[in-house]
Structure formats: C-alpha cells, structure tokens
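Take a look at the structure below.
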Amino acid sequence: MTSSLPPITRKLGVTPRIRALASFVPPTTRVFVDIGTNHAILPIAVLREQRAMRCIGIDKSASALEDAQRRLRRCHALDRVELRIGDGLEPLTRDEVDTICIAGVGPRTVAAILTDGLPLMKEQEVRLVLNPFGGSAETRTFLAEHGFALLADTEVMDRGRTYTILVAQRGASRLERQL
Ligand SMILES: C[S@@+](CC[C@H](N)C(=O)[O-])C[C@H]1O[C@@H](n2cnc3c(N)ncnc32)[C@H](O)[C@@H]1O
109 MTSSLPPITR
119 KLGVTPRIRA
129 LASFVPPTTR
139 VFVDIGTNHA
149 ILPIAVLREQ
159 RAMRCIGIDK
169 SASALEDAQR
179 RLRRCHALDR
189 VELRIGDGLE
199 PLTRDEVDTI
209 CIAGVGPRTV
219 AAILTDGLPL
229 MKEQEVRLVL
239 NPFGGSAETR
249 TFLAEHGFAL
259 LADTEVMDRG
269 RTYTILVAQR
279 GASRLERQL
C-alpha cells in the first residue's frame, strides 16, 4: 500500500491518544470506519500510517463534518475519506463493516451505538477499537455479553489524562452463534 500524503505534523492534532488508536487498526484494513469522527483527525492518521485502503468518517453533527471536509482538503485526503452524516453505524452497509472505531464519546453512547449496530455486524468479521470517555465498565459488559474477544486492554497518557482503549474482535462463525 502506498501513500502520497505528506507526513503527520503536530499541527494536524494527532495526539498520543489518536496515535494509539491508529496503531490498533490492522494494516490490512479494507475499510476503516470512524464513528464520531468530528474533525476526521483519526482517519487522516490511519491513512498516513498506511493502515487502510479507504476510510469512512461518520458524525451526527453537520458542522463537525464541514470542518472535517476542510481538513481533508488541506491534507489532500478527500478522495480516500468519505464523510457521512448519521447516528452510529446507521449510514453503513454490510460490506463496509471491517474495522470500526468509536472514540471520545461516553460509555453509554458507545454501548448504544454498538447495540443499535448489532444487526449490521451480524455474520461479519469485525474489529472494534473503542475509547469511551468517563469509564469503560459498560463497554466491557457489552463486549462480554456479545461474544467479542478482547485483543487489547490498555491505557494511554495524553496531556495529563489517562485514556482506556479496548480492542475487540468477533469472527463470522461466532457471530452466527451469538445473534
Ligand atoms: C468529543 S468528539 C470525539 C472526536 C474523536 N472521535 C476523538 O476521539 O477525538 C465526539 C464526536 O462524536 C459525535 N457523536 C456523538 N454521538 C454520535 C453518534 N451517536 N453518532 C455519530 N456521531 C456521534 C459528536 O458529534 C462529536 O463530533
């Protein structure tokens, strides 16, 4: 996979937390989906590290996506990051379920997005990269109750704060049994 994108600069807003999230996106990722993408910083970081062929950034805020569009243009990444407005996984189709990140929202929102997205994830290989803000108990319960194996459970320090990152995966055969 080649990238013609300029290197990451601090100005882009790629913090240690964003870098850590990007590091859990497997380099073989076909479609990287960032739910709650806000300014699309994470998809840009993922592309620059050559971890995905293409990205989809989803946000329920139109103004956030307008800002994201400007940032993508500045970073020459408009052709590889598609922005969609909507709630959680709702703007996705089944063939776009691959590696999905939900970061920077509260644990209840993470759980609600994943619960609503369960039908779309059914019978799909899916990797989740999760970074709930303000506690991870609900996210852990969701993962355990729905048959996701925890691949990583780690903390990252960023500007004086500690953030939890959970990486989970579920395979197609297991999905069939669970849903
Ligand atoms: C604090 S920002 C986090 C941005 C980025 N993910 C990060 O970790 O830095 C939260 C973003 O999630 C979006 N958001 C919250 N709930 C959402 C939902 N159910 N579906 C899509 N976007 C959502 C908000 O509009 C906002 O842009």
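Numbering-wise, the sequence shown is residues 109 to 287 according to my numbering. Note that CB positions come from ideal geometry on N, CA and C, so glycine has one too.
**Prompt:** Taking only beta-carbon atoms, is Gly-225 less than 8 Å away from chain C?
**Reply:** Of the protein chains in the structure, only one exists, and it is not chain C.
**Residue closest to Asp-203, alpha-carbon to alpha-carbon, out of Leu-186, Pro-151, Glu-231 and Ala-245** = Glu-231
**Prompt:** Taking the DSSP output, what are the residues bridged to Leu-274?
**Reply:** Leu-238 and Asp-261
**Message:** I want to check one thing, is the minimum distance from the CB of Thr-145 to the heavy atoms of ligand 1 below 7 Å?
**Reply:** yes
**Message:** Any contact between the stretch 209 to 217 and the stretch 141 to 156? By contact I mean 3 or more CB pairs, one from each, below 8 Å.
**Reply:** yes
**Request:** Measure the CB-CB distance between Ala-153 and Ala-170 and report whether it falls below 8 Å.
**Result:** no
**Message:** With DSSP as the reference, identify every bridge partner of Ala-211, one or two as the case may be.
**Reply:** Asn-239
**Asked** What residues in its chain sit with their C-beta under 6 Å from that of Val-275, if we drop five residues either side in the sequence?
**Response** Phe-132, Val-237, Leu-259 and Ala-260
**Request:** Could you give the DSSP three-state label for Arg-176: helix, strand or coil?
**Result:** Here the sequence assigns Ala to residue 176, which means Arg is not the residue at that position. Note: Ala-176 maps to helix in three-state DSSP.
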